[in-house]
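Protein chains in written order, with the working numbering: chain F, 43 to 353; chain X, 47 to 345.
We treat Cβ as the ideally placed atom computed from N, Cα and C, and that holds for glycine.
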């Protein structure tokens with residue numbers, strides 16, 4: 043009797059260890075697939091893109107402002123300027139409204155109402171970007187031309203825009219990055235220890251002072267991370283921006299000028315491209331890749347440095 | 047523990063490599079299928095299923111789809127796959143044997159002729175010059191179009207319209223419609239060194255589909271754009287070119303200056319399935335569909 047129990051116990055243990063090992067291996071496989079995809083894409087991107095830097099000259103490729111593939115001129119400065127101007131303007135609009143919204147949700151609204159609000163904002167993340175783009179083209183672009191242009195004309199009578207502009211793109215992008223900024227910032231602010239708030243209030247600070255001087259500084263690593271993630275999304279966004287920024291590859295002089303972005307140019311031209319044009323587009327991809335890598339690295343170090351204190 | 051881990055690492059790596067190898071193989075099998083698909087049905091036995099792949103110009107795509115649908119209704123054994131990508135992609139797809147037909151919305155360039163063993167003129171298309179509905183102007187010359195698109199002229203008053211800045215809207219680089227428009231108006235031409243150049247003004251707004259051009263022109267005062275004659279709707283105003291109204295009749299007669307061919311090209315060894323589809327397109331029935339789609343019959 044005892045012998046049988048021991049035997050079956052052993053059997054059970056063995057089968058469990060086999061199962062464990064299988065699961066471990068499957069998880070490992072999943073990890074490898076992820077890592078390998080990144081590696082393959084990176085290698086492919088650089089292998090396809092780097093020859094362009096050599097062919098067109100690194101300086102020319104990065105600092106020439108004209109992008110005109112049919113004419114054999116490949117300069118990406120106007121495209122980089124386009125991407126950065128749209129992204130930065132989107133952040134200027136998106137950060138204050140996003141962080142303010144997060145404060146409102148975590149500190150001012152009663153929790154039940156906040157949940158409903160938060161749900162609504164997270165729904166924004168589920169809308170396909172082409173829908174944002176179409177909405178922008180139909181609503182935001184004419185609005186910029188009809189309502190913003192007259193205001194700008196008050197001090198610059200020569201101002202001109204079709205509405206397809208940095209500003210229109212930035213407005214749509216700001217809405218698109220709101221869910222990222224709001225939900226991550228809200229989490230960061232809610233996870234500030236209750237004692238901080240209590241101590242601040244006990245010292246006689248009012249609610250506004252507590253929020254501005256205690257909660258936001260204490261949550262700044264999370265808020266910063268949310269901003270950088272939002273920025274990453276803004277830099278990489280393609281479809282929405284493609285439809286509403288006008289895609290003219292010129293150096294922008296005002297927020298009402300049309301711009302072409304790095305992503306939009308790749309998306310528009312890749313299907314037509316011949317060999318050297320295709321190389322150039324891959325090289326544009328490399329630039330984009332480096333910008334996004336840089337942002338991620340900054341985000342991670344910033345989050346690590348600031349977050350170390352609390353965890 | 048550590049040793050076992052190393053062993054499993056090796057095993058997993060091997061598994062991954064095998065998996066990648068298999069996908070690579072099946073991918074290349076697929077492309078072989080596409081190129082040889084047409085040939086598989088030539089034996090006169092029970093009809094085997096045949097796949098015909100058409101890739102290329104996005105201007106031709108809607109027409110190809112309508113033709114394919116009609117053909118497949120009568121020939122259930124044939125599957126026709128229509129892909130976009132642009133005229134350049136059509137050439138490339140035939141060259142790489144990914145597609146049976148490459149669809150072009152322009153004349154074949156001389157350096158591309160090596161790829162095309164045969165070409166079929168399936169339809170003709172006019173490019174309509176469209177402006178915002180509020181524009182007074184109703185007639186324009188090819189020379190004026192060239193000046194507008196190269197930026198020599200920036201105000202409507204210089205071409206006989208009201209005093210307003212012209213909002214120039216074009217298609218993306220590589221678009222068949224853009225290069226056809228460019229070649230037909232001279233916006234695309236040779237520079238002093240005899241090299242092919244696109245002189246489109248840098249600040250022109252670029253939209254990457256017919257729909258987006260129409261939408262933008264319809265919504266933007268003082269704007270001008272160009273689209274396939276077949277896709278024009280009431281949201282925009284179509285200009286006469288050199289006093290000729292853009293219409294089927296004027297394109298066929300050659301009076302309307304801005305028109306272009308729709309071509310199918312194929313490599314050598316076109317399969318029987320694909321060939322009978324081409325014959326169908328050139329038949330009366332196929333050309334009726336071309337007309338229904340708003341394009342102009344080739345013959």
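Alpha-carbon spacing of residue i relative to residue j, whole angstroms
i	j	result
residue 130 of chain F	residue 227 of chain X	36 Å
residue 341 of chain F	residue 286 of chain F	28 Å
residue 201 of chain X	residue 147 of chain F	51 Å
residue 361 of chain X	residue 307 of chain F	With chain X running from 47 to 345 in the structure shown, residue 361 of chain X is simply not present.
residue 214 of chain X	residue 339 of chain X	28 Å
residue 63 of chain F	residue 76 of chain F	20 Å
residue 226 of chain F	residue 139 of chain F	14 Å
residue 332 of chain X	residue 106 of chain X	14 Å
residue 258 of chain X	residue 336 of chain F	34 Å
residue 264 of chain X	residue 115 of chain X	31 Å
residue 94 of chain F	residue 309 of chain F	18 Å
residue 314 of chain X	residue 110 of chain X	21 Å
residue 292 of chain F	residue 301 of chain X	37 Å
residue 100 of chain F	residue 119 of chain F	12 Å
residue 247 of chain X	residue 190 of chain F	26 Å
residue 273 of chain X	residue 253 of chain F	55 Å
residue 277 of chain F	residue 157 of chain X	38 Å
residue 200 of chain F	residue 299 of chain X	45 Å
residue 321 of chain X	residue 197 of chain X	46 Å
residue 81 of chain X	residue 254 of chain X	Only weak support exists for where residue 81 of chain X lies, its pLDDT of 42 falling under 50; the value from the coordinates is given anyway. Their backbone Cα atoms lie some 30 Å apart in a straight line.
residue 92 of chain F	residue 104 of chain F	12 Å
residue 99 of chain X	residue 122 of chain F	38 Å
residue 328 of chain F	residue 246 of chain F	54 Å
residue 294 of chain F	residue 98 of chain F	23 Å
residue 143 of chain X	residue 129 of chain X	14 Å
residue 167 of chain F	residue 327 of chain X	45 Å
residue 154 of chain F	residue 281 of chain F	35 Å
Burial state of residue i, where buried means 16 or more other Cβ atoms lie within 10 Å
i	result
residue 343 of chain F	exposed
residue 86 of chain F	exposed
residue 219 of chain X	buried
residue 217 of chain X	buried
residue 216 of chain F	buried
residue 240 of chain F	exposed
residue 89 of chain X	Summary for residue 89 of chain X: the model assigns pLDDT 42, below 50, so the residue's position carries little reliability, and this model does not support an answer.
residue 326 of chain F	buried
residue 197 of chain F	exposed
Residues of its chain near residue i, where Cβ-Cβ distance is below 7 Å and the 5 sequence neighbours each way are ignored
i	result
residue 71 of chain X	Here the model assigns residue 71 of chain X a pLDDT of 44, short of 50, so the residue's position is not dependable, and the following value carries that caveat. Counting only Cβ-Cβ distances below 7 Å, and skipping sequence neighbours, we find nothing.
residue 152 of chain X	133, 222, 225, 226, 306
residue 332 of chain F	none
residue 289 of chain X	185
residue 103 of chain X	132, 133, 136, 149, 150, 151, 222
residue 323 of chain F	308, 311, 312, 315
residue 299 of chain F	207, 208
residue 276 of chain X	171, 339, 340, 341
Proximal chain F residues relative to residue i, where beta-carbon distance stays under 7 Å
i	result
residue 244 of chain X	110, 112, 113
residue 280 of chain X	The premise fails here: residue 280 of chain X is roughly 17 Å from chain F at the closest Cβ pair, so nothing lies under 7 Å.
Chain X contact residues for residue i, given Cβ-Cβ distances below 7 Å
i	result
residue 69 of chain F	Correct list: empty, because the minimum Cβ distance to chain X is about 10 Å.
Chain F residues whose Cβ lies nearer than 8 Å to that of residue i
i	result
residue 213 of chain X	204
residue 240 of chain X	Neighbours of residue 240 of chain X on chain F: none; closest Cβ ~14 Å, over 8 Å.
residue 218 of chain X	289, 310, 311, 314
residue 185 of chain X	Residues of chain F passing the Cβ test: none, with the nearest at roughly 24 Å.
residue 209 of chain X	Near residue 209 of chain X there are no residues of chain F at all, since even the closest Cβ is about 13 Å away, more than 8 Å.
residue 171 of chain X	Chain F residues near residue 171 of chain X: none, gap ~18 Å exceeds 8 Å.
Beta-carbon proximity list for residue i, same chain, < 6 Å, skipping 5 on both sides
i	result
residue 336 of chain X	169, 343
residue 90 of chain F	324
residue 132 of chain F	212, 215, 216, 276
residue 345 of chain F	263, 267
Cross-chain neighbours of residue i in chain F, by beta carbon under 9 Å
i	result
residue 269 of chain X	204
residue 266 of chain X	183, 184, 187, 204, 205, 206
Contacting residues, own chain, Cβ-Cβ under 8 Å from residue i (five flanking each side not counted)
i	result
residue 186 of chain F	203, 205, 207, 209, 210, 213, 298
residue 242 of chain X	234, 235, 236
Interface flag, residue i vs chain B, CB-CB below 8 Å
i	result
residue 135 of chain X	The structure shown contains no chain B; the protein chains it does contain are F and X.
Contact residues within the region 164 to 192 of chain F, judged by C-beta distance below 8 Å to chain X: 179, 180, 183, 184, 187
Give me the subset of the region 80 to 111 of chain F whose CB atoms are less than 8 Å from a CB atom of chain X, sorted by chain position. 108, 110, 111
Short-range partners of chain F found in the region 250 to 261 of chain X, where Cβ spacing is below 8 Å: 250, 251, 252, 253, 254, 258, 261
Residues of the region 116 to 128 of chain F in Cβ contact with chain X at a cutoff of 7 Å, in chain order, please. none
Any C-beta of chain X within less than 9 Å: which residues of the region 288 to 304 of chain F qualify? 288, 289, 290, 291, 292, 299, 300, 302
The region 193 to 226 of chain F: positions lying closer than 8 Å to chain X by Cβ: 202, 204, 205, 206
Residues of the region 123 to 134 of chain X with a CB closer than 9 Å to any CB of chain F: list them in chain order, please. 130, 131, 132, 133, 134
Taking beta-carbon pairs under 8 Å, can you tell me which members of the region 258 to 291 of chain F lie near chain X? 284, 285, 288, 289, 290, 291
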